[in-house]
Amino acid sequence: MSNSIGQLFRVTSFGESHGHSMSVVVDGCPPGIPLSSADMKSDLERRKAGTTQGSTTRLETDEVEILSGIFQGRTTGAPLTLMVCNHDSDSLHYNKKFAVPRPGHADYTAWVKYGGYNDYRGGGRFSGRITVGFVLAGTIAQKVLALVGVDILAHIVQIGPIHAATRFTSQSDMPRLLERCRQNPLYCADSEACTHMLALLEEIKNKGESVGGAIEGIATNLPVGLGEPVFDTVEGNLAKALFAIPAVKAVEFGAGFGAAGQTGSQHNDAFTMQNGHITTSSNHAGGILGGLTNGMPIVLHVAIKPTPSISKPQNSVDMVSKEPVVLTVEGRHDICIVPRAVVVVEAMMVITLCDFALLAGVIKPMRPQ
Ligand SMILES: Cc1cc2nc3c(=O)[nH]c(=O)nc-3n(C[C@H](O)[C@H](O)[C@H](O)COP(=O)(O)O)c2cc1C
1 MSNSIGQLFR VTSFGESHGH SMSVVVDGCP PGIPLSSADM KSDLERRKAG
51 TTQGSTTRLE TDEVEILSGI FQGRTTGAPL TLMVCNHDSD SLHYNKKFAV
101 PRPGHADYTA WVKYGGYNDY RGGGRFSGRI TVGFVLAGTI AQKVLALVGV
151 DILAHIVQIG PIHAATRFTS QSDMPRLLER CRQNPLYCAD SEACTHMLAL
201 LEEIKNKGES VGGAIEGIAT NLPVGLGEPV FDTVEGNLAK ALFAIPAVKA
251 VEFGAGFGAA GQTGSQHNDA FTMQNGHITT SSNHAGGILG GLTNGMPIVL
301 HVAIKPTPSI SKPQNSVDMV SKEPVVLTVE GRHDICIVPR AVVVVEAMMV
351 ITLCDFALLA GVIKPMRPQ
């Protein structure tokens with residue numbers, strides 16, 4: 001297994017859905033950053049089950065314990081270990097059906113890979129709950145990146161067939177987008193689309209189905225030149241981090257797949273001067289050229305598939321007897337993962353960009369006050 005990401009800001013994830021806890025070690029956080037468990041609260045609330053529409057009824061308190069790396073309220077430069085204990089897991093349904101893999105989930109592939117020794121309860125290491133640790137690391141990375149003024153925002157732009165009309169257009173958009181997102185339970189900047197999305201989620205729930213969607217992620221105020229081509233490009237490392245989020249099926253940057261249908265003059269972002277700085281008059285590149293940040297906002301889109309565990313009967317196979325089985329998934333599951341994944345997309349973006357900022361040396365060490 002590979003459970004660590006990042007070179008200087010190194011994040012190691014551990015814990016299983018129905019095990020003792022979901023935890024993370026963050027090594028490489030600069031010393032002197034003020035940090036307490038209270039700082040994690042609002043991001044964890046946004047990720048939490050039961051607080052967003054269409055999410056599982058598993059209710060976890062998500063209390064954070066910081067086990068190391070803090071002294072007198074500030075990071076010391078030593079590894080930070082953060083732990084959130086699991087309290088509300090219910091393994092009954094997994095004990096009954098452990099030999100029958102859920103279509104769309106990792107039950108079959110994990111069973112083969114780990115010879116049946118993996119903790120399959122609640123999906124184990126393949127549960128969406130592992131993203132608790134991602135969010136904890138994201139809160140820390142955000143505090144580091146805030147030192148250089150980088151802003152990150154993710155918001156829902158699609159649930160099933162419903163698209164939000166409001167998208168990011170320019171840097172000056174950020175405060176307006178943030179305010180609009182905060183006004184509705186789905187963190188979607190288009191309130192009319194949000195009303196339709198909420199109605200759809202109710203409909204999907206009543207049918208025993210699930211639904212996917214898409215999230216737009218934005219990072220602004222980035223310096224030019226972050227990224228380490230050729231193998232640690234900004235696109236490459238962001239995509240790697242975002243694909244660690246369970247259920248992510250696609251990531252595109254700027255014009256993305258749309259670039260395939262454009263001509264050079266349509267796609268190229270013309271250079272221009274603004275307030276004494278070189279900038280571009282459009283942003284089809286999504287803020288990245290040659291694997292390096294170009295000073296324009298990074299704009300990316302993440303597609304999330306429908307939740308695999310649905311109560312509608314589905315065909316499966318008993319992995320032991322090899323007999324066909326019609327499976328009706330029990331237990332508590334999200335109807336739609338997208339609302340809970342918004343803050344996780346922000347976390348993976350900020351973790352990756354924090355690592356690049358440290359590699360580029362743009363974060364200056366804090367000195368004793
Ligand atoms: C926040 C979050 C919550 C999730 N909740 C569920 C869930 O309730 N039920 C489920 O079957 N899958 C859920 N998933 C998705 C599965 O973990 C994921 O589909 C599975 O591990 C297979 O991985 P893959 O979809 O990336 O191939 C969730 C994912 C995330 C990010």
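First residue of the sequence shown: 1, per the working numbering; consecutive thereafter.
Glycine residues also receive a C-beta, built at the ideal position from the N, C-alpha and C atoms.
For residue i, report the span of its alpha helix (DSSP H) as first-last.
{"i": "S42", "result": "K41 to R47"}
{"i": "G264", "result": "G264 to H267"}
{"i": "T139", "result": "T131 to L145"}
{"i": "T195", "result": "S191 to N206"}
{"i": "A347", "result": "V338 to A360"}
{"i": "D107", "result": "D107 to K113"}
{"i": "A239", "result": "V234 to F243"}
{"i": "L153", "result": "Not the alpha helix (DSSP H): L153 falls in the beta strand (DSSP E), residues D151 to I159."}
Report all residues from its chain with a CB closer than 6 Å to the CB of residue i; omit the five preceding and five following residues, and keep chain order.
{"i": "L242", "result": "V248, V251, V302 and M348"}
{"i": "T169", "result": "none"}
{"i": "S127", "result": "S17"}
{"i": "G28", "result": "L8, F9 and R10"}
{"i": "E65", "result": "M83"}
{"i": "T166", "result": "A189 and D190"}
{"i": "G160", "result": "L200 and V211"}
{"i": "G378", "result": "In the structure as shown, the chain begins at 1 and stops at 369. Residue 378 is therefore absent and cannot be evaluated."}
{"i": "D318", "result": "A99, V100 and V325"}
Grab me the residues of residue i's own chain with a C-beta within less than 7 Å of its C-beta, minus the 5 sequence neighbours each way, in chain order.
{"i": "P34", "result": "G73 and R74"}
{"i": "G123", "result": "S17, H105 and A106"}
{"i": "L300", "result": "G217, L238, V251, E252, F253 and G286"}
From what residue to what residue does the beta strand (DSSP E) around residue i run?
{"i": "V320", "result": "From DSSP, V320 is part of no beta strand (DSSP E); its letter is neither H nor E."}
{"i": "D27", "result": "S21 to D27"}
{"i": "C390", "result": "The chain is shown from 1 up to 369; residue 390 falls before or after that span and cannot be answered."}
{"i": "G254", "result": "Here G254 belongs to no beta strand (DSSP E), and DSSP marks it neither H nor E."}
{"i": "A219", "result": "G213 to T220"}
{"i": "A303", "result": "I298 to I304"}
{"i": "L327", "result": "P324 to L327"}
{"i": "Y179", "result": "The displayed chain sequence assigns Glu, not Tyr, to residue 179. Element bounds for E179: not the beta strand (DSSP E) but the alpha helix (DSSP H), M174 to R182."}
{"i": "R367", "result": "It is not in any beta strand (DSSP E) - R367 carries neither H nor E in the DSSP assignment."}
{"i": "L67", "result": "V64 to S68"}
Mind checking whether the beta-carbon of residue i lies closer than 7 Å to any heavy atom of ligand 1?
{"i": "S309", "result": "yes"}
{"i": "F126", "result": "yes"}
{"i": "K322", "result": "no"}
{"i": "G19", "result": "no"}
{"i": "G306", "result": "Before going further, note that residue 306 is Pro rather than Gly in the sequence given. P306 Cβ: outside cutoff for every heavy atom of ligand 1."}
{"i": "H196", "result": "no"}
{"i": "I351", "result": "no"}
{"i": "H105", "result": "yes"}
{"i": "G123", "result": "yes"}
{"i": "T328", "result": "no"}
{"i": "A341", "result": "yes"}
{"i": "D39", "result": "no"}
{"i": "A247", "result": "yes"}
{"i": "I152", "result": "no"}
{"i": "V344", "result": "yes"}
{"i": "I215", "result": "no"}
{"i": "H333", "result": "yes"}
{"i": "I70", "result": "no"}
Quick check on residue i: buried or exposed, where buried means 16 or more other Cβ atoms within 10 Å of its Cβ?
{"i": "K48", "result": "buried"}
{"i": "R182", "result": "exposed"}
{"i": "V245", "result": "Residue 245 is actually Ile in this sequence, not Val. When all chains shown are included, I245 counts as buried."}
{"i": "F9", "result": "buried"}
{"i": "M197", "result": "buried"}
{"i": "Y117", "result": "exposed"}
{"i": "I278", "result": "exposed"}
{"i": "H333", "result": "buried"}
{"i": "T352", "result": "buried"}
{"i": "M273", "result": "exposed"}
{"i": "L67", "result": "exposed"}
{"i": "S164", "result": "First, the amino acid is wrong: residue 164 is Ala here, not Ser. Per the 10 Å Cβ criterion, buried."}
{"i": "G213", "result": "buried"}
{"i": "A219", "result": "buried"}
{"i": "P297", "result": "buried"}
{"i": "P306", "result": "buried"}
{"i": "G264", "result": "exposed"}
Here's a check: name, in chain order, each residue in its chain whose Cβ is nearer than 8 Å to the Cβ of residue i, leaving out the five neighbours to either side.
{"i": "V148", "result": "N221, P223, A357, V362 and I363"}
{"i": "A110", "result": "N118, Y120, G124, R125 and F126"}
{"i": "V230", "result": "G291"}
{"i": "P103", "result": "P308, Q314, N315, S316 and L327"}
Using a C-beta cutoff of 8 Å, does residue i count as contacting chain E?
{"i": "Q7", "result": "In the structure shown, chain E cannot be found, because there is only a single protein chain."}
Cβ contact (3+ pairs, closer than 8 Å) linking the segment 283-297 and the segment 224-244: These segments touch.
Is the segment 253-269 touching the segment 197-207, taking contact as three or more C-beta pairs under 8 Å? No: the two stretches stay apart, fewer than three of their Cβ pairs being nearer than 8 Å.
Report yes or no: do the segment 302-320 and the segment 203-215 share at least 3 C-beta pairs separated by less than 8 Å? Contact between the segment 302-320 and the segment 203-215 is present, because at least three Cβ pairs lie under 8 Å.
Determine contact between the segment 180-199 and the segment 138-158, defined as no fewer than three beta-carbon pairs at a distance below 8 Å. Verdict: yes, contact present.
The segment 135-144 touching the segment 14-32, judged by at least three CB pairs closer than 8 Å: Taking 8 Å as the limit for Cβ pairs, the verdict is that the segment 14-32 does touch the segment 135-144.
Does the segment 139-146 come into contact with the segment 37-44, if we say contact requires no fewer than three beta-carbon pairs (one atom in each stretch) closer than 8 Å? Yes, the segment 139-146 is in contact with the segment 37-44.
For the segment 317-327 and the segment 338-354, state whether three or more C-beta atom pairs, one from each stretch, are separated by less than 8 Å. Short answer: they don't touch.
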